[in-house]
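In what follows, a structure is listed as structure tokens, so that the remarks can point back to it.
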Amino acid sequence: MRRSTLLVLLSGLLLPAGTAAAAPVTTPPPAVRDFGNGPERNEEAALIGETASLRSADAAAAPYHHDRTRGYPRKNQIPAPPENPADASIKLGLIPHHAIAAKLNALQALGDRVSAEVIGRSAGGRDLYFVTVTAPESAWEVREQERLRQQIEAGRKIPKNRYKVPIYVNGNIHGNEWEGTDAALKVIEELATSPQAAELLKRTRLYFNITANPDGRVLGQRQNGNGFDLNRDMITASQPEARAMRQIMIDRQPVAMLDLHGYVNGTLIEPTTPPHGANYEYDLFITNTYANGLGMEAAVNALGYTPDKDGVHPVQIPFRDSEEGWDDWPPIFTPQYAPFHGAVAAHTVEIPLRVNGSDYTNLPVEELRRRSRINTEVGAAAVRATYAHVLANRDKMIADQIEVFRRGAAGEPSKQVPLGIVPGFGPEDVYTTTYPRAYLIPPGSPAAARLVDHLIANDVRVERATRPFRGHPAGTYVVDMRQPKRGLANVMLEAGADISPRVDAMYDISGWSLGLLWGAGVSAVQDLRVPTEPVRAAAPTGTVPAGRGALALKVTDGRDARALNDLLARGVEVTWADGTAIVPPTAREAAREVAARYGARFARAATATGTRLAPVRIAAAAAADELYSLREMGFTVTPVSTALANAGFDWNTADVLYVSSGLSYTALNPAAKAALDAFLARGGVVTRGATGATFNTAAALLTVTPVAGRGDANGVVRMSSGEHGFVYSPRWFTGLGAEVKAEERYDAFVSGHWRPNPDGTGGPDAAKGQAAVVSGRDERGTRVVLFGTEPLFRNHPKGLFAQVARALYSTAR
Ligand SMILES: [Zn+2]
């Protein structure tokens, strides 16, 4: 389900294990607020990650692309992985990951309708399976379909009855919400042979991402093998599974998509409550999404399950049935990302009966399997209802998809949706934005190159100015807002909005601006008169000046840290002072190599100054996303926790301790405390968040008083330096001792959701002017940096990673 573990825990409390079916609650739980992935997320996530095979974005293979030259069916033989008796699906009577390949091969053999492919690998190295169900097509017909798709994407009308409408079903994105996979396979099996499906398959292509998260499916966990929630990763795309889903949406351009989750009883079917994302063509989106939602509701309710007999409650639709708390504001979820690639009906569907968490452990196997059978039926009914709806409304849905792209290409202003466009659509549902004429990205930095490549990977068109204009150099990147996917470009690059005044409850993050958080210095312009050429990939940025002298590398980006860590790993004798590494003349060849590899920009330097820097080894009590980001920057990271410390952690493996999660100084046994104290006498400390601040106090490091902002507050903040930061459960520090320096102070809240607590404390006004990041040297000489911000959050705010890297280099000794 989309909601965090808090609600799962609550429903676990409401429905004691083993009694849920026998004693159904009479009122279905409303889609109430919870605290998303708030302060608790790290405690949970810290347990993963360390066993995951780390693949950095840099090392990721090129994305799989749709083969537009072969006909259907394709009859690919899908290779099966070794059998894994520990696959968590088995207990539920559901298909284990290792059995999917054979199942797909059997489905392909049933006739001429089913084609299966492997479209990538998970973080843990498992195959991602993609199925197309359609009537046979010649290679010529496949090319013709692609030609029509491109015409639609250009916002141009197409001849009637020629285009096979694409529908996309995503299964099991949360690994421990299994049945989407089984529902997909059930429907595919029906479609493979049913005579009634012939008409449908002549007019549509049905696409199934069988399990979007095979690692989680096998392990029985929400996240993938790297510890990431894939349904928070869509605009960051840090994970290979998210990149595979992104490519499906770009290449197949579905008019409708379903993401099958669990568990909300009664079945939850979107559309959502406010706030609504301001960059959608929401008039087109809400009409189609609500209509298909009602169709799914009818189909699910028609299955005949009852609260008394089955423990299954009637369907709930948040848009209709709840005030707020289940919104479509951030484009981090698949159904909130798909509309930017043309989906005019997109839904999270939460099947009803919980089988994960404590229920998985505690319920009898027979009860679990009963629930999973019902969940599979509910998921299949939602899929069938969707393809029936699309078949019946295909002309309108194609026309609406064309209209989405046409408005973008024409650069039309954000449309105010008429009240009552669907029943219940009121002023509280109206959200609009203002599109600039274009965004400009100054060329030459690794941050600019990363952002440009990211936009292109998202199918956003980027151009390059071929001459200087209005003070911008030739080569300046231009993102013209007259393009079919301007909604996606704008939702990524705009500052975002502070929606705190309009809603009290948000489901997850509310601010994410890549324009402000990815370090590329993006600006918006209202006038664009400059000749440009298209860009297929960002230009390389790495430079090393000619000459024979020493070199300076200012660490202003995570990629600079990566380059520096590479040099350190080669044994280069680097010194460090004030955020800059000095590389000796003897290492010029190595500098040229890392400049080319990571885009780092070296400058001429005077002779070496500062302290000698050795490779920085980090002991990290941190969440999975932070471990991932630290390793991505090339740091050597060894996870540590209270339990590992108490078990005799070897502190000789570490130069710096990073604490944000899972390490409590007061919970250490005397031997562990002594070992950690010995480390603190020689090593540095960097902390973040509540756990970090508590550690600072308990270990008597810096003299500060940590103050907590409201727990669910999150978004983009402007700092007193003029830089931007990201916060989630923000913290600040007062009562700074003489040894403590404020590195950054909060200035203003820019975008997201941050209200004060009911008693008036903890809001952005209280934070203004307060120290957000502090540094100092404690009595024993230990260098310490404390973050009240979230610079590594979900591998997203990439322009902030260097803050952590600099803190680590500065505290290591
Ligand atoms: Zn889910």
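Counting in our numbering, the final residue of the sequence shown is number 814, and the numbers go up one at a time with none missing.
Beta carbons are placed, not taken as given, at the ideal position from N, Cα and C, and that holds for glycine.
Query                                                                                                                                                                                         : Result
When you compare the region 440 to 457 with the region 486 to 497, are there three or more beta-carbon pairs, one atom per stretch, that lie closer than 8 angstroms?                         : yes
Could you give the distance in angstroms between the alpha-carbon of A679 and the alpha-carbon of I375?                                                                                       : 57 angstroms
Give every residue of the same chain whose Cβ lies closer than 6 angstroms to the Cβ of R549, excluding the five residues on either side of it in the sequence, and list them in chain order. : P586
Rounded to a whole number of angstroms, what is the C-alpha to C-alpha distance between E464 and S323?                                                                                        : 43 angstroms
Using a Cβ-Cβ cutoff of less than 6 angstroms, which residues in the same chain neighbour G380 once the five nearest sequence positions on both sides are dropped?                            : E180, G181, A184, L261, I352
So, with DSSP's three-state summary, where would you put L787?                                                                                                                                : strand
For G72, collect the residues of the same chain with a Cβ closer than 6 angstroms to its Cβ; drop the 5 residues on either side in sequence, then sort them by chain order.                   : E138, S139, A140, V143
Give a single yes or no on whether E242 has its beta carbon closer than 7 angstroms to a heavy atom of ligand 1.                                                                              : no
Indicate the three-state DSSP secondary structure (helix, strand or coil) for A386 in the structure shown.                                                                                    : helix
In terms of DSSP beta bridges, what is M493 paired with?                                                                                                                                      : DSSP, once it has assigned bridges, lists no residue as partnering M493.
Determine the closest residue to S123 out of E242, T268, R778, N77, with distance taken between C-alpha atoms.                                                                                : E242
Name, in chain order, the residues that DSSP records as bridge partners for K742.                                                                                                             : S776
Check whether the Cβ of E178 sits closer than 7 angstroms to any heavy atom of ligand 1, and report yes or no.                                                                                : yes
For L677, which of helix, strand or coil comes out of DSSP?                                                                                                                                   : helix
Can you list, in chain order, the residues of its chain whose CB lies under 7 angstroms from that of R746, leaving out five sequence neighbours each side?                                    : M720, S721, G770, Q771, A772, A773
Taking the alpha-carbon positions, what's the G761 to E495 distance?                                                                                                                          : 30 angstroms
If the criterion is Cβ atoms closer than 8 angstroms, does the pair G684 and D656 meet it?                                                                                                    : yes
Return yes when at least one heavy atom of ligand 1 lies under 7 angstroms from the C-beta of N232, else no.                                                                                  : yes
Return yes when the C-beta of H175 is under 7 angstroms from any heavy atom of ligand 1, and no when it is not.                                                                               : yes
DSSP three-state label for P759, please.                                                                                                                                                      : coil
Leaving aside the five residues before and after E84 along the sequence, list all residues of the same chain whose C-beta is less than 6 angstroms from its C-beta, in chain order.           : H99
Can you determine whether any heavy atom of ligand 1 sits closer than 7 angstroms to the C-beta of H262, and answer yes or no?                                                                : yes
To the nearest angstrom, report how far apart D499 and L105 are at their CA atoms.                                                                                                            : 47 angstroms
Around the Cβ of D505, are there at least 16 other Cβ atoms within 10 angstroms (buried) or fewer (exposed)?                                                                                  : exposed
Just list the beta strand (DSSP E) runs in the region 432 to 468, keeping only unbroken ones of 3 residues or longer that don't cross its boundaries, in chain order.                         : 439 to 442, 464 to 466
Using only alpha-carbon positions, find the residue among F636, E633, A701 that is nearest to S665.                                                                                           : A701
What does the Cβ neighbour count give for I49, buried or exposed, with the cut at 16 atoms within 10 Å?                                                                                       : Note that I49 scores 26 on pLDDT, short of 50, meaning its location in the model is unreliable and no value can be drawn from it.
In chain order, what are the residue ranges of uninterrupted beta strand (DSSP E) at least 3 long that sit wholly in the region 572 to 606?                                                   : 575 to 578, 581 to 584
What residue ranges within the region 166 to 197 form continuous beta strand (DSSP E) runs of no fewer than 3 residues, ordered along the chain?                                              : 166 to 172
Which residues does DSSP pair with F802 in a beta bridge?                                                                                                                                     : Partner(s): none; F802 has no beta bridge.
Mind checking whether V313 and N357 have CB atoms under 8 angstroms apart?                                                                                                                    : no
Note the first and the last residue of the continuous beta strand (DSSP E) segment covering W733.                                                                                             : 732 to 735
For Q317, which three-state DSSP category applies?                                                                                                                                            : strand
Would you call the region 612 to 629 and the region 571 to 582 touching, i.e. three or more CB-CB distances under 8 angstroms?                                                                : yes
Between the beta-carbon of K187 and the beta-carbon of R451, is there less than 8 angstroms?                                                                                                  : no
Please report the Cβ distance between D779 and E740, rounded to the nearest whole angstrom; I am assuming they are in contact, meaning their Cβ atoms lie under 8 angstroms.                  : 7 angstroms
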